[in-house]
Structure formats: structure tokens, C-alpha cells
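Here the working numbering is used: the first residue of the sequence shown is 9, the next is one more, and so on.
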Amino acid sequence: MPPSQNTATKHSAAPERSRAQRLDALERANQIRTQRAKLKKDLKAGRKSIHTLLLNPPDYVATAKVMDMLLAVPKYGRVKVNKLLGQCRISPSKTIGGLSERQRDELVALLRLRH
Numbered sequence: 009m010p011p012s013q014n015t016a017t018k019h020s021a022a023p024e025r026s027r028a029q030r031l032d033a034l035e036r037a038n039q040i041r042t043q044r045a046k047l048k049k050d051l052k053a054g055r056k057s058i059h060t061l062l063l064n065p066p067d068y069v070a071t072a073k074v075m076d077m078l079l080a081v082p083k084y085g086r087v088k089v090n091k092l093l094g095q096c097r098i099s100p101s102k103t104i105g106g107l108s109e110r111q112r113d114e115l116v117a118l119l120r121l122r123h
């Protein structure tokens, strides 16, 4: 390949979506945001358990960041959550669905010790 040729031109763009497909995706995204907002309120009010959420997460939470869900728990601020994640070797950008079994078990064990 000549050095003057741009490598970006080799990659194809994402396929075009129809208006109906875009609206459907937007509707699903809005439903997920609504469900997550309700879940965070339930965590804050103590109606839901963070342990249960981490061990058996519903589908709509799989792509949510672990840090965001932990911040919804009463008495857990940024400092405490960052310390917990560091102890479990979990990146702050890790999603709930992306946790390994070790990370999930270790995090739940530490949370149980603190409650």
C-alpha cells in the first residue's frame, strides 16, 4: 500500500438503518433507561439488594457500569466505591455483564462484610 493512501478508506461504514429500525432502537434504549432509573431508586430506598443485583442481574442492567449501580446504594460515595473496585481489581468502566465470576463473587463478599 502506498504511504499516501489513507488506511481509513479501507474500512466500510456501518450499514444504514431504516427509520423504523432507528425508532425501534431508540424506544428500546428509552425503556432500558427508565428501568435502570427505577432500579437505582429502589436501591437507594432499600427495596432492592445490590447483592442480588450483582449475582443475578436482569438483562437491562448488563450494560450498566458497576460503579453507577454502587453509587445508587445509600452510604456509598465515589471514594468508597473506588476503594471497593480497586480491592476487587475492577475497572471503574466495567459493566455488570462484563464482570468475571471472580470479580462478581469478590465484590459481593466485600459488600456483605460492610453491611
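Glycine residues also receive a C-beta, built at the ideal position from the N, C-alpha and C atoms.
Annotation: the region 54 to 100 contains no complete segment of the beta strand (DSSP E) (minimum length 3 residues). Boundaries for GLU24: no alpha helix (DSSP H) harbours it, and the DSSP string shows neither H nor E there. Bridge partners of THR103 according to DSSP: LYS73. Residue environment for ALA28: exposed (fewer than 16 other C-beta atoms within 10 angstroms of its C-beta).
Note that the C-beta distance between VAL81 and ILE104 is not below 8 Å. The criterion of a C-beta distance shorter than 8 Å is satisfied by LEU61 and VAL69. Less than 8 Å divides the Cβ of HIS59 from the Cβ of ARG120. Contact annotation: LEU118 and GLN95 have beta-carbon atoms nearer than 8 Å.
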